[in-house]
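This report concerns only the one structure given below.
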Amino acid sequence: MNKEEFESCYNRHFDFVYRLSFTYVKNPADAEDVAQETFVRLYRQEGEFASEEHVRRWLLRVAINLSKDHLRSRWNQKRQEFDENMPEEVFGWQENQKEIWQEVAALPEKYRLVLYLYYYEGYSVREIGQILRCSTSAVKMRLKRGREKLRESLEPGVVGF
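In structure tokens form, the structure reads like this:
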């Protein structure tokens, strides 16, 4: 990948990788670190990608792995958060969307990630299964259970899943 291709890819996909990382690490600075490291690995990646979607999925998988590594790191386990609220500038949402996202972010990782990929990034159940390396029935069940948990936590009438 030459410099121009990399810059173009970076400009197209940085926001996506940053938002995905943020769903895991829940801290803007850490999410930026994970996103930057993801693109460093892309720059060093040898080999060709079959399509734009292949690049996007590769970035998604690397960002997920780096986010999980970050959460398991000794540094992260010893650290204490000052503010766990999501800054509005991360997604640029309105106030009611922020409330819903905070409830989604409070869900366990396996539900949070599937809901994020399905509703916020627009991936199909089959594509999510391929990305997360699990069956489509597992993805469907996680979506169902995630929605149920959201229904329990949200006030009636806030959102209709």
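Here the numbering used here is used: the first residue of the sequence shown is 1057, the next is one more, and so on.
Glycine included, each C-beta is placed from N, C-alpha and C at the ideal position.
Please read all numbers here as calculations on a predicted model, not as lab measurements.
What is the C-beta distance between L1199 and L1171, in whole angstroms, given that I count them as a contact (C-beta under 8 Å)?
-> 7 Å
Quick one: give me the first and last residue of the alpha helix (DSSP H) that P1084 is part of.
-> P1084 to R1100
Cβ-heavy atom distance, L1115 to the ligand GTP, below 6 Å | The ligand GTP is absent from the structure shown, which contains no ligand whatsoever.
Own chain partners of V1181 with C-beta closer than 8 Å, once the 5 adjacent residues on each side are dropped | Y1174, T1192, V1195, K1196 and L1199
Which residue's Cα is closest to the Cα of E1063: N1121, F1095, A1085 and V1090?
-> F1095
Taking C-alpha atoms, which residue in R1207, S1209, G1202 and V1073 lies nearest to W1114?
-> V1073
Compute the Euclidean distance between the alpha carbons of I1184 and L1098, then round it to the nearest angstrom.
-> 21 Å
Can you tell me where the alpha helix (DSSP H) with A1106 in it begins and where it stops?
-> Segment: none, A1106 is in no alpha helix (DSSP H) and carries neither H nor E.
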